[in-house]
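To start, the structure under review is shown below, and the notes come after it.
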Amino acid sequence: MLKFRNSHTLPSLLLKIFFLGGVNSFALWSVPILISNDSFLYAAYVGLSTLILDYVFLSKRFVAAKYIVPGALLLVAFQIYPAIYTGYVAFTNFSVGHEFDKETALDSMIDNSYAPVGDDSIYPMRIARDGAGKNVVLIKEKNGTIFAGDAKGVTALPPASVSFDGEGNITSAAGYTLLDENQTSQVLDQFNELMIPSGEVNTTYRVFDFTTVEKLKATLRYDRAGDFVQNLETGEIYRPNDNGSFIGESGEEIEPGWTVRVGWRNFERIFGDDRYRAPLVRVLVWTFIYPFLIVLMTFFLGLFLALALNHPKLKPKKIYRTLLIVPYAMPSVLSILTWKGMLNEQYGIVNKLLPGTIPWLSDPWWAKAAVLLVALWAGTPYMFLIATGAIQALSTEIVEAAEVDGASPRKVFWNIKLPLVVIALTPLLIASYAYNFSNFGSIYLLTGGGPVILESGGIAGHTDILISYTYNLAFTAGKGRDYGLASAVSFINFVLVAFLSWNAFKRSKQMENIT
C-alpha cells in the first residue's frame, strides 16, 4: 500500500501530475500541427520547453527553478521573441504586396497573370474516374477533340471512344466512369485550384463550374537564368530591384513583391519624409505629455484621498475605500466604452447634464481633455491604494517630532510626508508612466486617436500616442499593413520607454541616497 510521510505531499503530487499532464498534452497536440505548417522554430520551442518543465518539476534538486522557469519560458515566448522579431521586421519591407519570399511571390505573380483565351474561352467538361480510380477532367474543345486532363497534362481520346447527347455534352467515354452531380459536387473542391496544361505554350485549363472549364493563357513568364519577368503580350522586361519588386522599363511594378532587408530605409522614411515626420513630431510630443499628466493628476488626487480617508476622525473608512476602488475593479475595456457613450456629443449623458454641447470627441483640445478625464477616473483608485499603503508605513515619530517643533500641517505635508511618499512610490510611478506611455487601449477605444490631423493625410490624430500611431501605420494608413514602417516606429517606442525607465530608476536611487 502506498503511504505518504506528509499529508501535504498528496495534493502537491496531484497538482504536479495535472500540470505536467496538461503541458505534455498540449505539446503532443500542437507540435505536429506546427510542423505540418512548416513552423519548425515554434515546434522546437514548444518541445524543448516541455522537456525543460518535465525535467525541472520531476527533479528534487531544482526547487527555486520551479518558480522561475515557467515564467521565464513565457517571458521568452511572449515578450523577448516578439521584441526581437519586431526589431527584425523594422529593417525589412514587410508590408502589403511584400509578404512572401521570392519564390512564393513569383508563383503568385504568374498565376495571377492568366487571362482568358479569345472571346469564347469556356469549354464543356465532365469529371470522370479512369481505370486506376483517379479523377480526371474530360474536356471538349471547339473542334470536337476530347481530352482527358489532370495536373500533368492532357491526353487526346479517340473520337470513336466518346459519345454525346443531342446538345453535344459528353455522356460516356471508353475506359472512364462519368461522375453524376452528387459525386461531382463531392470532388469538385479538388479541382478548384487545379491548372491543367493544355499542350499549347503557356496555356492551361481551369475548372470554371460543374460542367465547364476555362481556357487561360499566361501573360507573364519568368526567366530563371536571367532573373527577369517578361510580358508575353508586349515583350516588356521586368527586372528585380532592391525593394523586392520587379520593375519594368516603363517604371511599372508587378505585384506581389517579396520581403527583403532594406537596412535603415524605414527609419529614413520616418524622419526624412514629410508625410511621416510632421505628424510624428506632434504625436511624439503628446506621447510624452499624456502619461506625465496622467501620473501627476492621479498621484495627487489619489494621495489627497488617501490622506483624507486616513484621518483618525473619519469613521466609515472601509465604505469610502471600497467605493473608491470600484473603477479599478471594473474591466478597462468596458469602462472606456461606457465613457465613450457618456461623452457622445448628441446622446451622451454628460452633455445632457451640462448647459452647452461640448465636442468631447471631435475637437482636438476637448478630445485630449476627454482621454485625460477617463484616465484620471480609471487610474486614481490604483494611486489611492499605493498612497494609502505608503502613508500608513510612515514613521509616526517623525511626524510627531515636526508637530512638536511647531510645523504647520501644510509644512508637514510638503516637507515630510510628500518627499517620503514620493521616494517610496518612485518605482511604481515610473511603472505607471511607462504603462501609460504605451497604453494603446485607452486611446483606441475612446477616440481612436482622433480627431484626425488634416495635414497628416489620415495617418495620425490629435490624441494619438506613439503606439496608436504605429497601429495606424500597420493597419489603416495608406495601403494598410505596412509592418516594416510600423515596426520601426515600435522600435523607437521601445527605445524611448527603456531609456526613460532606466534614467528614472537611476534618479530614484540617487534620491534614496540623499535621504
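Going letter by letter, the sequence shown gives residues 1 to 515 in my numbering. Think of the CB as a built atom: it goes at the ideal place given N, C-alpha and C, for glycine as much as any other residue. It should be emphasised that the depicted structure is a prediction, and the values quoted were computed from it without experimental measurement.
Going by DSSP, A390 is part of the alpha helix (DSSP H) stretching over 364 to 392. At the C-beta level, Y81 and I139 stay beyond 7 Å of one another.
In this structure, T463 sits near I443, with a CB-CB distance shorter than 7 Å. Under the three-state reduction of DSSP, K313 is assigned to coil, being neither helix nor strand. Counted as a single uninterrupted DSSP element, the stretch harbouring N135 is not any alpha helix (DSSP H) but the beta strand (DSSP E) occupying residues 135 to 140.
CA-CA distance, T50 to F26, rounds to 9 Å.
Three or more Cβ pairs drawn from the stretch 160 to 171 and the stretch 135 to 152 lie within less than 8 Å of each other, which places the two stretches in contact. Taking the Cα positions, K215 is about 19 Å away from A128. Between L220 and A151, the C-beta spacing is not below 7 Å. Straight-line spacing of the CA atoms in Q346 and W29 works out to 52 Å. By the neighbour-count criterion, in which a residue is buried when 16 or more other Cβ atoms sit within 10 angstroms of its Cβ, S395 is exposed. The DSSP-derived three-state label of K60 is coil. By the Cβ criterion, the stretch 467 to 476 is not in contact with the stretch 373 to 386, since fewer than three pairs of Cβ atoms, one from each stretch, lie closer than 8 Å.
Across the set F271, S487, A308, V23, the C-alpha of S487 shows the shortest separation from the C-alpha of N93. In the DSSP assignment, Q186 falls outside any beta strand (DSSP E) and lies within the alpha helix (DSSP H) extending over 181 to 187. Note that the C-beta distance between G257 and G272 is not below 7 Å.
A direct Cα-Cα distance of roughly 46 Å separates D242 from R507. The beta carbons of I294 and A424 sit no closer together than 7 Å.
Taking the CA atoms as reference points, I196 sits about 13 Å from Y114.
In this structure the stretch 314 to 325 does not touch the stretch 345 to 361; the number of beta carbon pairs closer than 8 Å is below three. Around the CB of P312, fewer than 16 other CB atoms lie within 10 Å, so the residue is classed as exposed.
Within the DSSP secondary-structure output, L284 pairs in no beta bridge. The DSSP-derived three-state label of Y176 is strand. Comparing C-alpha distances from G175 to each of E167, T184, Q183, L157 shows the shortest one belongs to L157. Remark: three or more beta-carbon pairs, one from each stretch, lie closer than 8 Å, so the stretch 67 to 78 and the stretch 34 to 52 are flagged as touching.
T212: member of the beta strand (DSSP E) spanning 212 to 218, first to last residue. By DSSP's assignment, I35 forms no beta bridge with any residue. Rounded to the nearest whole angstrom, the C-alpha separation of S456 and R277 is 9 Å.
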